[in-house]
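The sequence shown begins at 1 in this note's numbering and counts up by one.
What follows is one structure encoded as structure tokens, with my remarks underneath.
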Amino acid sequence: MSKISRILNRIPNQVYLWIAVLIFASSNSVTRKIIDLGAHHFVNGRNPISLCNVLFVGNICAFLLMILIFYPDWQPSKLKNLTRQDWIILTVVGILSGAIAPALIFTALAQTNVTNVVLIGRLEPLITLALSVWLLKTRVNSWTVSGSLVSFVGVAVTVWHGLHIGKGELLIAIAAAILAVATVISKSRLQSISIGIFSVYRTAVGTIVFFILANILYGSHHFAQAFSPYLWAWMILYAAVIVVIGQLCWFAGLRNANSAQTNLASSINPLAAIVMAYLILGEVPTSAQYLGGSIIIVGVVLSAVANFNLTVAPLKMNPAQMMMMAVGFRGI
């Protein structure tokens, strides 16, 4: 085991970052593909891999896998260090980023294509930046502001240039705003929470809240096929690769990374996600998506320039920020 650890520690952090980017970039496309597979394997006249079942069972699988990895962080001696306010903030972040936002994203995946989800989802870092400047008094330079404004124009072009603004597009925009709020709360209030406590608790709260909301909105029959072996086989694989391995690679990559490296890894995610949508689902971008996506990439490059001028010293980041920075879909 120690030999394996030594080998893994020799791998450059950039390799871990890029593996995480590819995994997270494929998450939405893989989700859509798995749901399509379920449509060809009906159980009692129902698709066992429905959107609700994927989110609910996928979160359960991810929770169990995370417990195996992060159980040392859940020792009573460590939990005693958390205050009542810490638990309240953790719960709020868990509800926002672990239940509501993922549910909106999954619903949007049934209403629009993955490329739209990716491009409109770029509103999240823009809203996060605006809230950070407004509420946290974060200082930003002209490159960052310029990049954010250009990216916003790219999103606007994607939405309004020959594209019907439907329910899916609106849901993605709302989810982006909710994730941005959760990120800002994490930055300001969860400075000392370990990754293990943050990730496991967020997953648990998100799963419970989503299950309650789905039962209220759709009825208990909505989860009738939640124990289908076919569903669980796919969800265990999904949770292991997309959630656990993806997040562990992200954390390992951030360990000795500088701002330029992390910003580049995060920024390349939209392009990688669009490529994955083409490779996995065969989605060919429309002219509006090509134009808007190109403008967004220009904005991303402008934002990256600001960070490339920073020091190459390892990036200092609290665990909650590391968790919230994981690019792509972060529900299950």
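Note that CB positions come from ideal geometry on N, CA and C, so glycine has one too.
Please determine, among the options, the residue with the shortest C-alpha to C-alpha distance to residue i.
i, options, result
"TRP87", "GLY293, VAL21, ILE185, ALA103", "ILE185"
"ALA25", "GLY299, VAL241, GLN289", "VAL241"
"LEU339", "LYS137, VAL93, PHE223", "Outside the modelled stretch of the chain, which goes from 1 to 332, sits residue 339, for which no answer is possible."
"THR83", "SER192, ILE268, TRP234, MET235", "SER192"
"PHE198", "LEU68, ILE89, THR144, VAL298", "ILE89"
"ALA175", "TRP143, LEU104, ALA304, ILE212", "LEU104"
"ALA304", "GLN225, ASN269, VAL243", "ASN269"
"LYS80", "PHE211, ILE212, SER194", "SER194"
"ILE60", "LEU281, VAL243, LEU135, ILE280", "VAL243"
"SER132", "PHE152, ALA173, THR183", "THR183"
"ARG32", "LEU291, VAL298, GLU283, SER287", "GLU283"
"MET66", "ALA239, TRP143, ILE216, ASN215", "ALA239"
"GLU124", "ALA173, TRP143, THR144", "ALA173"
"VAL298", "LEU281, ILE216, SER287, THR144", "THR144"
"LEU291", "TRP160, LEU213, ALA62", "TRP160"
Let me confirm a value: residue i is counted as buried when at least 16 other C-beta atoms fall within 10 Å, else exposed. Which label applies?
i, result
"ARG255", "exposed"
"TYR218", "exposed"
"ARG122", "buried"
"ILE332", "Legend: pLDDT at ILE332 = 45, less than 50; position of this residue unreliable, no value from coordinates given."
"ARG10", "exposed"
"LYS187", "buried"
"ARG330", "Residue placement at ARG330 is poorly supported in this model, since its pLDDT is 48, which falls under 50; the coordinates are not used for a value here."
"LEU190", "buried"
"SER77", "exposed"
"LEU55", "buried"
"SER27", "buried"
"GLN225", "buried"
"ILE49", "buried"
Under the assumption that residue i contacts residue j (Cβ atoms under 8 Å), give the Cβ distance between them as a whole number of angstroms.
i, j, result
"ASP36", "GLY196", "Not confirmed; about 34 Å, so no contact."
"LEU170", "GLY293", "Not quite, the Cβ-Cβ distance comes to about 20 Å (not below 8 Å), so this is no contact."
"ASN47", "GLY38", "5 Å"
"THR158", "GLN75", "That pair is no contact at about 47 Å."
"LEU17", "ALA272", "Contact flag wrong, Cβ pair sits at about 12 Å."
"SER29", "MET235", "So it is not a contact: roughly 16 Å between Cβ atoms."
"VAL155", "ILE296", "7 Å"
"ASN53", "PHE223", "7 Å"
Which same chain residues end up closer than 8 Å to residue i when comparing Cβ atoms and leaving out the 5 residues on each side of it in sequence?
i, result
"ALA20", "GLY246, GLN247, CYS249, TRP250, GLY253, ALA265, ALA326, VAL327"
"LEU51", "ILE35, PHE106, THR107, LEU109, ALA110"
"GLY168", "THR107, ALA108, LEU109, ALA110, GLN111, THR112, ASN116, VAL117"
"ILE95", "VAL205, GLY206, VAL209"
"SER267", "VAL300, VAL301, SER303, ALA304"
"HIS221", "none"
Who are the Cβ neighbours of residue i in its own chain at under 7 Å, not counting the five residues just before and after it?
i, result
"THR91", "VAL205"
"ILE274", "THR115, VAL118, PRO285, GLY293"
"GLY166", "GLN111, THR112"
"LEU135", "VAL184"
"TYR278", "VAL284"
Please list, in chain order, all residues of the same chain as residue i whose beta carbon is under 6 Å from its beta carbon, the five residues on each side excluded.
i, result
"LEU129", "SER148"
"ILE127", "ALA177, ALA180"
"THR311", "The predicted position of THR311 is uncertain, since its pLDDT is 47 and thus under 50; a value taken from the coordinates is nonetheless stated next. Closer than 6 Å at Cβ, skipping near neighbours: no residue."
"VAL153", "ILE295"
"THR138", "SER132"
"ILE280", "SER29, LYS33"
"PHE70", "GLY196, VAL200"
"ALA62", "THR203, ALA239, VAL243, ILE332"
Is the CB of residue i under 8 Å away from at least one CB in chain B?
i, result
"TYR16", "Going by chain labels, chain B is absent from the structure shown, which holds only one protein chain."
Given 8 Å as the limit, is there contact between the stretch 41 to 48 and the stretch 222 to 231, that is, 3 or more CB pairs closer than that?
yes
Does the contact criterion of 3 or more C-beta pairs under 8 Å hold for the stretch 200 to 207 versus the stretch 141 to 149?
no
Examine the Cβ distances between the stretch 91 to 102 and the stretch 206 to 214 and report whether three or more of them are shorter than 8 Å.
yes
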